[in-house]
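Here is the structure we will look at.
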Amino acid sequence: MEPPVIVLDSLRKSFSKDGRPALDGITSTFSSGCITGIVGPDGAGKTTLLRLIAGLMGPTGGRVETLGLDPLKDGPQMRPLVGYMPQKFGLYEDLTVEENLRLHSDLRDVPVEGRAATFERLLSLTGLEGFTERLAGKLSGGMKQKLGLACALLGSPKLLLLDEPGVGVDPISRRELWKMVRELTAAGVTVLWSTAYLDEAEACDNVLLLNNGHALYQGPPADLTGKLHGRCVLLSHLEGSRRKILTRALDAPEVMDGVIQGDSVRLLLREAGRRPGLHALAAGQKAVFSETPPRFEDAFIDILGGGPGGGSALADHLSAKTSSSAQVIEASNLTKAFGDFKATDNVTFSVRPGEIFGLLGPNGAGKSTTFKMMCGLLTPTSGKAEVMGLDLKKSAGRARQRLGYMAQKFSLYGSLNVRQNLDFFSGVYGLRGRQQRRAVEDMTRIFHLHDFLGDGTDALPLGFKQRLALACAVMHEPDILFLDEPTSGVDPVTRREFWTHINGVVEKGVTVMVTTHFMDEAEYCDRIGLVFRGQLIALGTPDELKARTASADRPNPSMEDAFISLIEAHT
Numbered sequence: 057m058e059p060p061v062i063v064l065d066s067l068r069k070s071f072s073k074d075g076r077p078a079l080d081g082i083t084s085t086f087s088s089g090c091i092t093g094i095v096g097p098d099g100a101g102k103t104t105l106l107r108l109i110a111g112l113m114g115p116t117g118g119r120v121e122t123l124g125l126d127p128l129k130d131g132p133q134m135r136p137l138v139g140y141m142p143q144k145f146g147l148y149e150d151l152t153v154e155e156n157l158r159l160h161s162d163l164r165d166v167p168v169e170g171r172a173a174t175f176e177r178l179l180s181l182t183g184l185e186g187f188t189e190r191l192a193g194k195l196s197g198g199m200k201q202k203l204g205l206a207c208a209l210l211g212s213p214k215l216l217l218l219d220e221p222g223v224g225v226d227p228i229s230r231r232e233l234w235k236m237v238r239e240l241t242a243a244g245v246t247v248l249w250s251t252a253y254l255d256e257a258e259a260c261d262n263v264l265l266l267n268n269g270h271a272l273y274q275g276p277p278a279d280l281t282g283k284l285h286g287r288c289v290l291l292s293h294l295e296g297s298r299r300k301i302l303t304r305a306l307d308a309p310e311v312m313d314g315v316i317q318g319d320s321v322r323l324l325l326r327e328a329g330r331r332p333g334l335h336a337l338a339a340g341q342k343a344v345f346s347e348t349p350p351r352f353e354d355a356f357i358d359i360l361g362g363g364p365g366g367g368s369a370l371a372d373h374l375s376a377k378t379s380s381s382a383q384v385i386e387a388s389n390l391t392k393a394f395g396d397f398k399a400t401d402n403v404t405f406s407v408r409p410g411e412i413f414g415l416l417g418p419n420g421a422g423k424s425t426t427f428k429m430m431c432g433l434l435t436p437t438s439g440k441a442e443v444m445g446l447d448l449k450k451s452a453g454r455a456r457q458r459l460g461y462m463a464q465k466f467s468l469y470g471s472l473n474v475r476q477n478l479d480f481f482s483g484v485y486g487l488r489g490r491q492q493r494r495a496v497e498d499m500t501r502i503f504h505l506h507d508f509l510g511d512g513t514d515a516l517p518l519g520f521k522q523r524l525a526l527a528c529a530v531m532h533e534p535d536i537l538f539l540d541e542p543t544s545g546v547d548p549v550t551r552r553e554f555w556t557h558i559n560g561v562v563e564k565g566v567t568v569m570v571t572t573h574f575m576d577e578a579e580y581c582d583r584i585g586l587v588f589r590g591q592l593i594a595l596g597t598p599d600e601l602k603a604r605t606a607s608a609d610r611p612n613p614s615m616e617d618a619f620i621s622l623i624e625a626h627t
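When you read off a place in the sequence shown, starting at 1, and then add 56, the result is the number in the numbering used here.
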């Protein structure tokens, strides 16, 4: 039997002055040639664990052994054997693909002789052969992650540490990353894959589930999921608002968690066989329950004690919105060109009041460009973008007072603390005096920011960064909310909280336009526009798009299956 690749013995790491550990007594071993998923909510200790294994920091207590070596004492000996891909893009955006490979080769002491062959092999593996002269900062999100993986693989490491490589990456690129990593493990490489995507965790050979620095489970994901037999049900043939039915279900004592899935509502029960009454859910006379197979995400939510519930303090705070217009967002032949390149090409769609409209597509498809034109942040080359009947070319300032915008990348000011960001953005949206003070107090309460008011935003956990960004986008009670990948990188519990707020504000009449790479989130949308190479290639409800890609071999495709099939049909 081969010795373990990694040994953790009562491992402890503390950063805070009060001694509260980021990792507390983790004892575990990791086998060779496997993919182990490091899973947990924000602040669970995933990144800290990978950095300790890589020797980038030392433990406060206990012991870590990597490839039979002490990561701190034997750093020079261990460095060529371990590839590490950090959570944040660790490459140099002002260098080309090839220049990044050369720099990382120097940093990892890769011999000069043979580098050309190594680069050729890695570029072929990652599909970057035709992009060697492109600046890393100009790559799409998926291509950046592939370049990061290529740099981590320099020197042919035996151990690969990947810290959330799928964050912000579309489903096609994520599948390609998985294919590459599977090929590496088949060749004997051991992989630790930290992830916020629980479908990725389900694909791992083993998972280590962390929460608040403690290990809650280690083993095959199927063993944990199998414990939920009979506790996952689908509520179908609904009448009325799916969002309201989900809210009522989440408040039922029999229900631990729930999500919208197409025209149905998917529930995780606290006990097998104990279902909420259909009459209490007001789901309609034809509504029926049916069992559905459990997923690893259900097991994750279960072991953490359940989701956040159905109530939204944000929705309770907002006044109801009304609109006499049939359409509140309209794009007509919308085009944006950068030189000869059309990032958005003749796109036309409209969004009704109180609707969630999802704009989906692969990295680099033109989603964010389209999004920014609809917000008035970019001027179209041709065509028209209208919000609430206002042409954004002519009345962008007036329109902006009626919409809220949450950017794809955290767009608040890192040099300001939380309170200063709230003050600044409330002022930008025209709030003054008592109204401004009340709005800041309300957002602080709703998003639980009181303990962080004096903290710089750069130091906040990702989940609280996103809460603050959403708070700043809604504090003036907009009619329309633009959310560009609002939950990218956050854990499933925080994502549930965000969608509880989104569903709640839509029921108050707010119109939401959202982009996401989480295909389960796309199920919440009333309609979806699928963008590829700057063009709108599909438009419809989630169930309509899935039905378009159904076949005899796959009669019930998932939203991810539909996304990939529709894109591949236009490749």
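All C-beta atoms, glycine included, are put in the ideal place defined by N, C-alpha and C. Predicted model, so just to flag it, every value in this text is computed and none were measured.
Which residue wins for smallest C-alpha separation from residue i, given the options the options?
i: R456; options: Y485, E220 and L337; result: Y485
i: N156; options: R177, Y140, R190 and P127; result: R190
i: S180; options: V153, K194, L159 and L518; result: V153
i: R551; options: L415, A495, A618 and L254; result: L254
i: L184; options: L205, G89 and D165; result: L205
i: C207; options: L147, G596 and T241; result: L147
i: I502; options: D514, T513 and R523; result: R523
i: K521; options: T556, L472 and L487; result: L472
i: V407; options: R610, S88, L595 and E149; result: L595
i: A403; options: P409, K440 and S297; result: Looking at the sequence provided, one finds Val at residue 403 rather than Ala. The residue with the shortest Cα to Cα distance from V403 is K440.
i: L178; options: V321, P213 and V496; result: P213
i: R298; options: P534, E579 and A603; result: E579
i: P534; options: A376, W249 and A625; result: A376
i: A336; options: G361, L360 and P309; result: P309
i: G445; options: A382, D372, K300 and L112; result: A382
Rounded to whole angstroms, how far is the Cβ of residue i from the Cβ of residue j, which I believe are closer than 8 Å?
i: G363; j: D313; result: 4 Å
i: L264; j: Q274; result: 5 Å
i: D165; j: P136; result: 7 Å
i: T251; j: E220; result: 6 Å
i: E353; j: V289; result: No, E353 and V289 are not in contact; Cβ-Cβ is about 15 Å, not under 8 Å.
i: C528; j: L478; result: 7 Å
i: L106; j: I82; result: The pair is not a contact, with the Cβ atoms about 12 Å apart (cut-off 8 Å).
i: V61; j: T182; result: 24 Å between Cβ atoms; not a contact.
i: P598; j: V570; result: With a Cβ gap of about 13 Å, P598 and V570 do not count as contacting.
Look at the alpha carbon of residue i and the alpha carbon of residue j, and state the distance between them as a whole number of angstroms.
i: S196; j: G489; result: 43 Å
i: N389; j: N419; result: 22 Å
i: D582; j: S72; result: 44 Å
i: R351; j: R287; result: 11 Å
i: D507; j: G99; result: 16 Å
i: Q143; j: A343; result: 44 Å
i: S482; j: R458; result: 13 Å
i: S84; j: L64; result: 5 Å
i: P276; j: L325; result: 23 Å
i: D226; j: E577; result: 13 Å
i: R657; j: I228; result: Nothing in the structure corresponds to residue 657, since the chain is present only between 57 and 627.
i: D425; j: T400; result: What sits at residue 425 in the sequence shown is Thr, not Asp. Cα to Cα, T425 sits roughly 7 Å from T400.
i: V223; j: T391; result: 28 Å
i: R494; j: H532; result: 11 Å
i: L537; j: A515; result: 26 Å
i: D540; j: T605; result: 26 Å
i: D307; j: H557; result: 15 Å
i: I593; j: V587; result: 6 Å
i: S380; j: M430; result: 20 Å
Is it buried or exposed, residue i, if we count other Cβ atoms within 10 angstroms and call 16 or more buried?
i: T567; result: buried
i: G560; result: buried
i: F394; result: exposed
i: Y469; result: exposed
i: L163; result: exposed
i: D358; result: buried
i: T627; result: exposed
i: Q491; result: exposed
i: D547; result: buried
i: P349; result: exposed
i: G417; result: buried
i: R238; result: exposed
i: P332; result: buried
Is any non-hydrogen atom of the ligand MN found closer than 7 Å to the C-beta of residue i, if you look at the structure I gave you?
i: D447; result: By its list of ligands, the structure shown contains no ligand whatsoever, and the ligand MN lies outside what it can speak to.
Does the CB of residue i have a neighbour CB from chain D at under 8 Å?
i: P227; result: Among the protein chains of the structure shown there is no chain D, as only one such chain exists.
Alpha helix (DSSP H) segments (min. 4 residues) lying fully within the stretch 100–159:
102–110 and 131–134
Can you give, in chain order, each stretch of the alpha helix (DSSP H) that sits fully within the stretch 261–316 and has at least 4 residues?
277–281 and 298–306
Runs of 3 residues minimum, wholly inside the stretch 469–540: which ones carry the beta strand (DSSP E) assignment?
536–540
Segments of 3+ residues assigned as beta strand (DSSP E) that fall wholly inside the stretch 550–618:
Taking only runs of at least 3 residues, the beta strand (DSSP E) segments lying wholly in the stretch 550–618 are 567–571, 583–588 and 591–596.
Which full runs of the alpha helix (DSSP H) of 4+ residues lie inside the stretch 366–436, going along the chain?
If one requires a minimum length of 4 residues, the alpha helix (DSSP H) runs lying completely within the stretch 366–436 are 369–373 and 423–431, in chain order.
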